[in-house]
Amino acid sequence: MVVDLARRQGIVELKQFTRSREAVVFTMAFPIIMILIFASIFSDEIAPGVNYTQYFITGMIATGLMTVGFQSLAIQIPIERDKGVLKRYRGTPMPKWVYFAGKVLMVAGIGVVEVALLLAVSIGFFDLEPPASAAKWFTFAWVSILGLSACTLCGIAFSSVPRNARSATAVVTPVALVLQFISGVFFVFTDLPAWMQQVAAIFPLKWMCQGLRSVFLPDSFATVEPAGSWELGKVALILGAWCVLGLAICVRSFTWQNKYSR
Amino acid sequence: MGNDLAVSVKGLRKAYGRTVAVDGLDLDVRRGEVFALLGPNGAGKTTTVEILEGYRKRDGGEVRVLDRDPAEPTADWRGRVGIVLQGTGEFEELTVGELVHHFAAFYPKPDDPDEVIARVGLTGKAKARTHGLSGGQKRRLDVALGIVGRPELLFLDEPTTGFDPEARREFWQLIRDLNAAGTTIMLTTHYLDEAEALAQRVGVIADGRLVEVAEPGRLGNRANAPATVSWRTPDGTVESKESDTPTALVSELAARFGGEVPGLTVTRPTLEDVYLRMIGAA
Chain A
1 MVVDLARRQG
11 IVELKQFTRS
21 REAVVFTMAF
31 PIIMILIFAS
41 IFSDEIAPGV
51 NYTQYFITGM
61 IATGLMTVGF
71 QSLAIQIPIE
81 RDKGVLKRYR
91 GTPMPKWVYF
101 AGKVLMVAGI
111 GVVEVALLLA
121 VSIGFFDLEP
131 PASAAKWFTF
141 AWVSILGLSA
151 CTLCGIAFSS
161 VPRNARSATA
171 VVTPVALVLQ
181 FISGVFFVFT
191 DLPAWMQQVA
201 AIFPLKWMCQ
211 GLRSVFLPDS
221 FATVEPAGSW
231 ELGKVALILG
241 AWCVLGLAIC
251 VRSFTWQNKY
261 SR
Chain B
1 MGNDLAVSVK
11 GLRKAYGRTV
21 AVDGLDLDVR
31 RGEVFALLGP
41 NGAGKTTTVE
51 ILEGYRKRDG
61 GEVRVLDRDP
71 AEPTADWRGR
81 VGIVLQGTGE
91 FEELTVGELV
101 HHFAAFYPKP
111 DDPDEVIARV
121 GLTGKAKART
131 HGLSGGQKRR
141 LDVALGIVGR
151 PELLFLDEPT
161 TGFDPEARRE
171 FWQLIRDLNA
181 AGTTIMLTTH
191 YLDEAEALAQ
201 RVGVIADGRL
211 VEVAEPGRLG
221 NRANAPATVS
231 WRTPDGTVES
241 KESDTPTALV
251 SELAARFGGE
261 VPGLTVTRPT
271 LEDVYLRMIG
281 AA
């Protein structure tokens, strides 16, 4: 019964998403457009047998997951809060967590489609090799799921930061953009200044990129990584830690109404 | 105790910073009645109702809504209270049918969603996205979402603001039907005629206090207020006289004129006169 409610909520969220054209285009098409542009401009080898395109594409898949989980929720929830959507849900007997479950299901649905699209475009047009073994597919799956979970929880947690719907985009977008620049999406991570690498290592995106590189780049490339290896254990640890932190902040500080109506 | 009261409020207080919005308000709503909270903008209507709905925290006073403190709402209590807020049109990409069906699933014993849509007169719009609805249609959708869970008590916050006269009449009929079916209704309004048309009792709120509670016809002691009798004298001027016994005065006049009294009118203060005096005096 209650699980059914969460399923219904997820369907309603997905319906609303797919029916708002701007959201679909922005979320789905943006990473693809970025791949088309960057991969067409830069195609140098950055290491033996590895060209920039492959490196960049793995970064864009991680970015896509962050956009779906973090950016879209951190912007969408303040809008819903301002419009009174949250207030209306609160006036019903719907358990609070069903709202979050709906968002999680929506993010998962969009995330699967998004990753599939990016993979199809990359494999079809830019010579990205699909994961070569069952073990690599497994790594691909858990890095994506754990990374998306961390981003989703942080997105819900961060949704309490913007004061209103209008400021949400302005507050959230720079955070996401800066992370992309310092986490090894646009630039090869080890080419960045050491202090920048250290800052980036605090946040999830760097670890999502690194985990995905272990799936799509040849094993020889591991020596180019900061620690000389893929550090998958650390990837799991840090993404897991962000899940816990995000969840803790959600539970403590989520606000259902803006401060003028409490 | 208090089983015949749907809402009971004693000494309710709420301030925003230094601004006192509700200042020692007392109020009872009986089960089965339509109670109107009437007052000008800024009098504290919405603050009061949102405290009763469990949205806002109060600074002081005792509040019981359906025998519970709304500051600690439970899912069961939420299921028995219907809420129609002031805001509208928030789920823009969903259709009327999808929304009402979705909200019905939140409640333990909901009404048939399609039947609720019919009752608010939106059957023709069931497949339309909500962003395309007119103001009146959106408001009726709000009501549909508020009643689909079959609430015992329904709050309506300024439900007809911005309606054209015909839409208001239709809306009033919807409220009467709900009440006839046993739903207790508490509505806020700044329209006098709305309070008079719908409510069995009206509470007038001004500056965060309840100034008076009465049946609409008795508000401000209106029924017993002196009536004004005026008539035209034979030389053409109009004469007026306030009287506690207008009937006696009229029959005396009839005798004096030997039949019809020219230009005869008998008036009592209108609800508006009484209301304006009350909120001005508060």
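Protein chains in written order, with full-length UniProt numbering: chain A, 1 to 262; chain B, 1 to 282.
We put the CB at the ideal spot given by N, CA and C, even for glycine.
Test: B/E93 CB closer than 8 Å to a CB of chain A: yes
Given this structure, state the Cα-to-Cα distance separating A/V171 from A/G246, to the nearest angstrom. 18 Å
Pick from B/E242, B/D112, B/A36: whose alpha carbon is nearest that of B/N224? B/E242
Over what stretch of residues does the alpha helix (DSSP H) that includes B/D28 continue unbroken? Taken as a continuous stretch (DSSP letters only), B/D28 belongs to no alpha helix (DSSP H), being part of the beta strand (DSSP E) at 19 to 30.
Residues from the region 14 to 38 of chain A in contact with chain B, defined by Cβ distance under 9 Å: K15, Q16, F17, T18, R19, S20
8 Å Cβ cutoff met for A/A157 and A/C250: yes
Could you name the residues of chain A that B/H131 contacts, counting a contact when the two beta carbons are closer than 9 Å? The premise fails here: B/H131 is roughly 10 Å from chain A at the closest Cβ pair, so nothing lies under 9 Å.
Does the CB of A/L146 have a neighbour CB from chain B at under 8 Å? no
For a cutoff of 8 Å on Cβ pairs, would you count A/K136 as touching chain B? no
Excluding the 5 residues preceding and the 5 following A/F38 in the sequence, name in chain order all residues of the same chain whose CB lies nearer than 6 Å to its CB. F56
In angstroms, rounded to a whole number, what distance separates the CA positions of residue 276 of chain A and A/I123? There is simply no residue 276 of chain A to check, as chain A begins at 1 and stops at 262 in what is shown.
What do you reckon, are the CB atoms on A/Q197 and A/F203 nearer than 8 Å? no
Residue ranges of each alpha helix (DSSP H) run of no fewer than 4 residues wholly in the region 60 to 140 of chain A, ordered along the chain? 72 to 83, 85 to 90, 96 to 125
Where do the ends of the beta strand (DSSP E) carrying B/A206 lie? 201 to 206
Comparing the C-beta of A/L118 with each C-beta of chain B, is any distance below 8 Å? no
At the level of alpha carbons, what is the spacing between A/I35 and A/T173? 19 Å
Using a beta-carbon distance below 8 Å, is B/A75 in contact with chain E? This model lacks chain E altogether, as its protein chains are A and B.
Please tell me whether A/P193 has its Cβ less than 8 Å away from any Cβ of chain B. no
Interface residues of chain A around B/I51 at Cβ under 8 Å? In chain order: nothing, as chain A lies at least about 11 Å away.
By the DSSP assignment, the alpha helix (DSSP H) with A/I33 in it spans what residues? 30 to 41
Which residues share a DSSP beta bridge with B/M186? B/F35, B/F155
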